[in-house]
Amino acid sequence: MAKLTLDDLRKMRDKTQQAMSMRDSSKKDIQVIVGMGTCGIAAGAKDTFGAIVDAIAEKGLTNVLVRQTGCMGLCHSEPTVEVVAPDMPAVIYGNVDAAVAREIVDTHIVGRKLLDGHICDRPSIDIITNK
Amino acid sequence: MHATISDVICDTVQNSIEAGARNIELALTEDGRMIRVEIKDDGKGMDEATLARVWDPFYTEPGKHAARRVGLGLPLLRQIAESTGGGVSLKSEKGRGTDLAYSFAADNVDTPPMGDIAGTVLTLFNYEGAFELVFRHARGGGEYEISRSELADAAGSLQDAQGLALASQFLRAQEESLPAA
């Protein structure tokens, strides 16, 4: 591959933005948050992160922010991914490898249905301390 | 223990970000004999008492983790690095920042594989907050340097997937352009 320069990248961005401007790309109302604590990294969260970015970009979705957080307390189910989308419950998925990450993009973000088999939900609140 | 050097880099640069650094330099040098990583930050730094305890696996910075009493990152890093014939050096000054350097012998059987450097730098650039991170990678006589701010400017954003995909493409192209060590 020829070495890509920052100017090449700007041209590619302009081209992509022109293509996107034909669609509704007003606001970024969906957040995908990847757990990137030590436990997540050790379980392969970087591959998960990359697969999510690639899947969203391939589908031309412009309303999705990809963020990261530390350990969500679900180390047994890393890599974990939280999806926050309007009119849907916020869901934490567990054991999200690259293939599951693509399924989450297809099913939850595009299809607007929860993906069965990987839902961990949020860690429950302690009913005594209410924390 | 991390499976790749990339994972170790991810973890140790996160320490700089979490220490409130505004400027971080990450240099990765592969000369065929050694693999060296240097991280310099201007974060909150550590006093001598803290510095003396960071190699204790049963010590972690108070308040960093709500219910955790161990801090395994640096002790495990030292164990891996020294077992390969490399080492770790840590210098820090409270209020001024921290310099961490570690190395692995390239041909040692215990040296972890490099892993996905482009993906690692991408996730570090994606980390939220107002900080500058400059990454430099030298290998086999070639090298490149890229900062978080210039890549964000060129890709449009390092938070939305379209910008991240462009940034990923850029970083992978730079990695592929480097000669073998």
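Protein chains in written order, with my numbering: chain P, 109 to 239; chain W, 1367 to 1547.
C-beta atoms are modelled at their ideal positions from N, C-alpha and C, and glycine is treated no differently.
Remember, it's a predicted structure, so these values are computed and weren't measured experimentally.
- Membership of V161 of chain P in the alpha helix (DSSP H) is indicated by the continuous run 153-166.
- With respect to the C-alpha of Q176 of chain P, the residue from P:K123, P:I227, P:V142, P:D214 having the closest C-alpha is P:V142.
- Exposed is the label assigned to F1424 of chain W, since fewer than 16 other Cβ atoms lie within 10 Å of its Cβ.
- Comparing alpha carbon positions, the residue from W:G1439, W:L1524, W:R1505, W:R1462 closest to S1513 of chain W is W:L1524.
- In the DSSP assignment, I1371 of chain W falls within the unbroken alpha helix (DSSP H) covering 1371-1384.
- Minimum Cα-Cα distance from Y1510 of chain W among the listed residues W:A1533, W:L1537, W:E1498, W:G1495 corresponds to W:L1537.
- In the same chain as Q139 of chain P, and ignoring 5 residues on each side of it, the C-beta atoms closer than 7 angstroms to its own belong to L173, R175, V192, in chain order.
- Listed by position along chain W, the residues whose Cβ is nearer than 8 angstroms to that of I149 of chain P are H1368, D1373, C1376, D1377.
- Contact with chain W is absent for K123 of chain P, since none of that chain's Cβ atoms lies less than 8 angstroms from the residue's Cβ.
- Sequence-ordered contacts of the segment 1391-1425 of chain W with chain P are nonexistent [C-beta pairs closer than 9 angstroms].
- Looking from the CA of V189 of chain P, the closest CA among P:K111, P:R121, P:L223 belongs to P:L223.
- If you check the CB distance, A1539 of chain W and K111 of chain P come in under 8 angstroms.
- In this structure, DSSP gives Q1525 of chain W a state outside helix and strand, which the three-state scheme calls coil.
- Residue state for L112 of chain P is assigned as coil, using DSSP reduced to three classes.
- The beta carbon of M180 of chain P sits no closer than 8 angstroms to any beta carbon of chain W.
- Within chain P, the residues whose beta carbon sits less than 9 angstroms from that of D1482 of chain W are K154, D155, G158, listed in sequence order.
- Residues of chain P with a Cβ closer than 8 angstroms to the Cβ of N1492 of chain W are, in chain order, F157, V174, R175, Q176.
- Think of a sphere of 7 angstroms around the beta carbon of T1486 of chain W: the chain P residues whose beta carbon falls inside it are K154, in chain order.
- The shortest C-alpha to C-alpha distance from R1388 of chain W to any of W:D1408, W:V1379, W:V1403 is the one to W:D1408.
- If you draw a straight line from the Cα of V1500 of chain W to the Cα of I1390 of chain W, it comes to about 6 angstroms.
- For F1497 of chain W, the closest Cβ of chain P is not nearer than 8 angstroms.
- If you look at V1487 of chain W, you'll find it isn't in any beta strand (DSSP E); it sits in the alpha helix (DSSP H) that goes 1483-1492.
- Just so you know, the alpha carbons of K1406 of chain W and A1369 of chain W end up roughly 23 angstroms apart.
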